[in-house]
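The block underneath contains the structure these notes are about, expressed in structure tokens.
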Ligand code: TYD
Ligand code: MG
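Residue numbers (the numbering used here): 28 to 480.
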């Protein structure tokens, strides 16, 4: 028999190392490495999907290639993130901090999932009574929804085999345990074993499975990062603790793009879709204030408008302070350097704080120009017109470069009632400018700054 092997996993990023260390060499987190004994035996006895017979390789042309079958979850924003609905027989991991709304989302979609399908909702966190109370509050009472409060993996698999549901929801993976594994529930090896069993269940029986995974910085519980490579699709539910808005983002999708975001608002009656995120992101903009500029970035196929704020104040330190929230820190440092060199702003004598409102992360080149203009506006203490949006990438020589999908962006800018837009002079697309929008073309950051300030 093959010998067991001891390895150490980081419970934060899932990196594997042969030796224990205080600090994870991959993500730099401290005290997150946990021991994992890798046994050569497969998952759950008798239930595993081990291939007893060696299978013959097939010619790719002969492989039965049906289009993957998709169905709607009843929530347009969730369907969008999944790439146009959930795929039958796939395993979807929904990660997020505790209390962000994962259980609420999955229970809510049950009402439309149950249209012609059988759904089994397994919770290791709440009793059947608690689930019912929550479902009543969310007004989810479909006939074909079955609930089970259970944490033992073998029982869950047995119930699933008996009930034969089309969809299985497991809340959460960290509460499950497999009896064949001696480590505690929530440990890296338990979480991996249980996910592997879920994967076999979904692939062998064609059940679509949604698995909840809590993000936890504490080394005692393995986070969903450890599982990302095993599942078909990884969604993260994010949100600011003091805002009711929630973003759902795909970080991995075997059946679609990972660029899409879904936006929800947590209300008393559960999660409500926000089909128009720009409006929410621009809510409560200050009037007549310097240091703010509106950006338009592409989130997947959808243009989204967001407010960028900057505060530039004379520094009292030897090295000026810089912070950047919602925009890449190194990119911000680069833009400040370009502004110093090419637009004659003495930013090395000033602290600079950059913030994107609404919890959105602007990681797209089109956001360069609005960030730079917000900085310039605060530096000069002059107000950028409120009805203006800036789009463009900033190069190291201070030139403004073109970005993709300009027409889609301009249409969204006009739709939200903005009157002016500054864009790169050179654009590869043939522009169709909406009638009521005034477009200004700029070559470099000097021109852009002189125009708006
Ligand atoms: P929950 O779905 O239990 O979070 P998770 O499963 O991700 O841990 O959401 C819990 C939070 O959501 C809690 O703070 C209360 C809030 N909430 C509402 O505001 N309205 C609702 O209808 C529900 C069900 C929850
Ligand atoms: Mg929950």
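Think of the CB as a built atom: it goes at the ideal place given N, C-alpha and C, for glycine as much as any other residue.
- Distance between residue 43 and residue 116, taken at the CA atoms: about 29 Å.
- Under the three-state reduction of DSSP output, residue 356 falls in the helix class.
- For the pair of segments examined, the region 197-214 was found not to touch the region 40-57: the number of CB pairs separated by less than 8 Å stays below three.
- For residue 279, the enclosing beta strand (DSSP E) has its first and last residue at 272-280.
- Under the 8 Å Cβ criterion, the region 169-177 does not count as touching the region 262-274, having fewer than three qualifying pairs.
- The C-beta distance from residue 473 to residue 349 rounds to 22 Å, too long to meet the 8 Å contact threshold.
- With respect to residue 54, residue 39 sits close: the two C-beta atoms are nearer than 9 Å.
- Secondary structure of residue 227 (DSSP, three-state): helix.
- If you draw a straight line from the Cα of residue 443 to the Cα of residue 311, it is about 15 Å long.
- From the listed residues 458, 419, 441, 454, the smallest Cα separation to residue 434 is found for 458.
- Of the candidates 187, 94, 471, 471 places its Cα closest to the Cα of residue 365.
- Within 10 angstroms of the beta-carbon of residue 273 lie 16 or more other beta-carbons, which makes it buried.
- In this structure, 240 is the residue among 240, 303, 286 with its C-alpha nearest to the C-alpha of residue 196.
- Of the residues 124, 280, 336, 382, the one whose Cα lies closest to the Cα of residue 404 is 336.
- These are the residues, in chain order, with a beta carbon less than 6 Å from any non-hydrogen atom of ligand 2: 129, 130, 152, 198.
- Annotation note: the region 327-410 contains the following uninterrupted beta strand (DSSP E) runs of length 3 or greater, listed N- to C-terminal: 329-341, 349-352, 377-383.
- The C-beta distance from residue 432 to residue 447 rounds to 19 Å, too long to meet the 8 Å contact threshold.
- Across the structure, residue 385 and residue 333 are spaced so that their CA atoms are roughly 8 Å apart.
- Taking 8 Å as the cut-off, the C-beta of residue 102 does not count as close to any heavy atom of ligand 1.
- Here the distance from the Cβ of residue 250 to the nearest heavy atom of ligand 1 is not below 8 Å.
- The beta carbon of residue 267 sits no closer than 8 Å to any heavy atom of ligand 1.
- Relative to the non-hydrogen atoms of ligand 1, the Cβ of residue 136 never comes closer than 8 Å to any of them.
- Where residue 300 is concerned, the enclosing beta strand (DSSP E) starts and stops at 297-300.
- By DSSP's assignment, residue 471 forms a beta bridge with 426.
- In the structure shown, residue 235 falls within a strand segment according to DSSP collapsed to helix, strand and coil.
- Residue 57 is bridged by DSSP to 50.
- Rounded to the nearest whole angstrom, the CA to CA distance from residue 287 to residue 415 is 25 Å.
- A distance criterion of 8 Å places the beta-carbon of residue 164 in contact range of ligand 1, judged by its closest non-hydrogen atom.
- In this model, residue 227 and residue 119 are separated by some 13 Å (Cα to Cα).
- Not one heavy atom of ligand 1 is found less than 8 Å from the C-beta of residue 270.
- With a threshold of 8 Å, the Cβ atom of residue 161 counts as near ligand 1, since some heavy atom of the ligand is closer than that.
- In the structure shown, residue 157 adopts helical secondary structure according to DSSP, grouped into three states.
- Taking each of 344, 426, 413, 255 in turn and checking the Cα distance to residue 318, the smallest one comes out for 413.
- Contact between the region 350-358 and the region 370-382 is present, with at least three C-beta pairs closer than 8 Å.
- Under the three-pair Cβ rule at 8 Å, the region 99-113 does not count as touching the region 214-226.
- The distance from the Cβ of residue 376 to that of residue 342 is about 6 Å, consistent with a contact at the 8 Å cut-off.
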